[in-house]
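Written below as structure tokens is the structure these notes are about.
In this note's numbering, the protein residues as written are 1 to 309.
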């Protein structure tokens, strides 16, 4: 059991629950066994990421039929069990039912009083409320008030989806065998719960990785590559700020590789351009000379001589 408790404390700290300490797995009172409401919310949030856990805590009643009772290796009898969830918020036939509730767990000891960690989902937003040291009836009313406060005053903000295209940059010096544009995609999902008035004030900015990208003056979406880019390279970051404070930084990755034009290619292109210009100029002069010759022949038929042509 000690090893299990050690793992409990380790996992709790990984979830950010730094104000809590466990000495047993069952939760009975001990002076050295304590948890804060905030930490309970953090632990619950981690647990609700598990699909099976979500299913269990949202189930009001569960029947087990014909479970065998074994004694000394022999089946003694077959019994049925019905497990009843003590969370009245998910009990549709009870007076404390809350239509948006999805879990989670009740708890009680004499020193701690009546407690419940509840969760609810509405309009794409998931909330968790923690009530501690309440009464048997008061914990349901308190939970509903907390959850309704959250739904009325807050909203879900979606900043980015993983692999969402954030920016497309025209590359001024790409290799002839590479795409002309560098596409930056989000490296991760970003969602948050914010006050409704705050969501409208979020500002987004992009900082490019100077190992790869040189921004051209006056050109917002046109760049030069300082080195070739491979698919998946981190080419910058998108920064979300609220009232000057950073909420989140997301790595931006290259959707596909883009090669920088090398010196040899530049030299060859310059030579090709030079000779193309020479050839075009020569062709133009030749056409002009042919026109002059034709005009002279036409005038000579009528006895005119014009040496200023």
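Using N, Cα and C, we set each Cβ at its ideal position, and we do this for glycine too.
Quick caveat: nothing in here was measured; it's all calculated off a predicted structure.
- CB contact flag (residue 114, residue 93, <8 Å): Counting from 1 along the chain shown, the entry for residue 114 is found at position 114. Counting from 1 along the chain shown, the entry for residue 93 is found at position 93. No, Cβ-Cβ distance for residue 114 and residue 93 is not below 8 Å.
- Message: Given this structure, state the Cα-to-Cα distance separating residue 116 from residue 254, to the nearest angstrom.
- Response: Mapped onto the chain shown, residue 116 falls at position 116. Mapped onto the chain shown, residue 254 falls at position 254. Taking the straight line from one Cα to the other gives about 46 Å.
- Message: In whole angstroms, give me the CA-to-CA distance for residue 328 and residue 49.
- Response: As displayed, the chain neither begins before 1 nor continues past 309, which places residue 328 out of reach and without an answer.
- Message: What residue range does the alpha helix (DSSP H) around residue 143 cover?
- Response: Here residue 143 refers to the residue found at position 143 when the chain shown is read from its first residue. Segment 138-153, the alpha helix (DSSP H) holding residue 143.
- Which residues does DSSP pair with residue 207 in a beta bridge? Position 207 of the chain shown, counted from the start, is the residue given in the question as residue 207. Its beta-bridge partners are 237.
- Task: Find the nearest neighbour of residue 155 within the set 103, 29, 121, 187, judged by alpha-carbon distance.
- Result: Locating residue 155 in the chain shown gives position 155, where the first residue counts as 1. Of the candidates 103, 29, 121, 187, the one whose C-alpha sits nearest the C-alpha of residue 155 is 121.
- Message: Judging by CA-CA distance, which residue of 124, 106, 152, 123 is the nearest neighbour of residue 132?
- Response: Locating residue 132 in the chain shown gives position 132, where the first residue counts as 1. The residue with the shortest Cα to Cα distance from residue 132 is 106.
- Message: Under 8 Å: do the segment 241-251 and the segment 192-203 share three or more Cβ pairs, one atom per stretch?
- Response: yes
- Message: So, at 8 Å on beta carbons, what are the nonlocal neighbours of residue 188 in its own chain, with the 5 sequence-adjacent residues on each side left out?
- Response: The sequence position of residue 188 within the chain shown is 188, counting from 1. Correct list, in chain order: 160, 162, 250, 251.
- Query: Excluding five sequence neighbours on each side, which residues of the same chain lie with their C-beta closer than 8 Å to the C-beta of residue 168?
  - Reply: On the chain shown, position 168 is the one that residue 168 refers to. Within the same chain, residue 168 has close Cβ partners 181, 182, 183, 184, 221.
- So, are the CB atoms of residue 232 and residue 209 less than 8 Å apart? In the chain shown, residue 232 corresponds to position 232, counting from 1. In the chain shown, residue 209 corresponds to position 209, counting from 1. For residue 232 and residue 209, no; Cβs fall outside 8 Å.
- Beta-carbon proximity of residue 35 to residue 23, cut-off 8 Å: Counting from one through the chain shown, the residue named residue 35 turns up at place 35. Counting from one through the chain shown, the residue named residue 23 turns up at place 23. It is not a contact, given that the beta carbons lie outside the stated cut-off.
- Tell me, to the nearest whole angstrom, how far the beta carbon of residue 26 is from that of residue 9; I am working on the premise that it is less than 8 Å. Indexing the chain shown from 1 puts residue 26 at position 26. Indexing the chain shown from 1 puts residue 9 at position 9. Not really, about 15 Å apart at Cβ, beyond 8 Å.
- Look at residue 100 and residue 42 and say whether their C-beta atoms are less than 8 Å apart. Translated into positions along the chain shown, residue 100 becomes position 100. Translated into positions along the chain shown, residue 42 becomes position 42. Contact: no.
- Status (buried if at least 16 other CB within 10 Å, exposed otherwise) for residue 214: The residue you call residue 214 lines up with position 214 of the chain shown. Answer is exposed; the Cβ neighbour count stays below 16.
- Message: Looking at the secondary structure, which residues open and close the alpha helix (DSSP H) in which residue 45 lies?
- Response: Here residue 45 refers to the residue found at position 45 when the chain shown is read from its first residue. 37-47 is the extent of the alpha helix (DSSP H) around residue 45.
- Item | Of the listed residues 218, 248, 170, nearest to residue 225 (C-alpha basis) | To locate residue 225, count along the chain shown from 1; it is residue 225. That would be 170, whose Cα lies nearest to the Cα of residue 225.
- If you drop the 5 nearest sequence neighbours on each side, which residues of the same chain put their C-beta closer than 6 Å to that of residue 85? Within the chain shown, the letter at position 85 stands for residue 85. So the list reads 60, once near-sequence residues are dropped.
- Which class does residue 117 belong to by DSSP, given the choice of helix, strand or coil? Position 117 of the chain shown holds residue 117. Reduced to three states, the DSSP call for residue 117 is strand.
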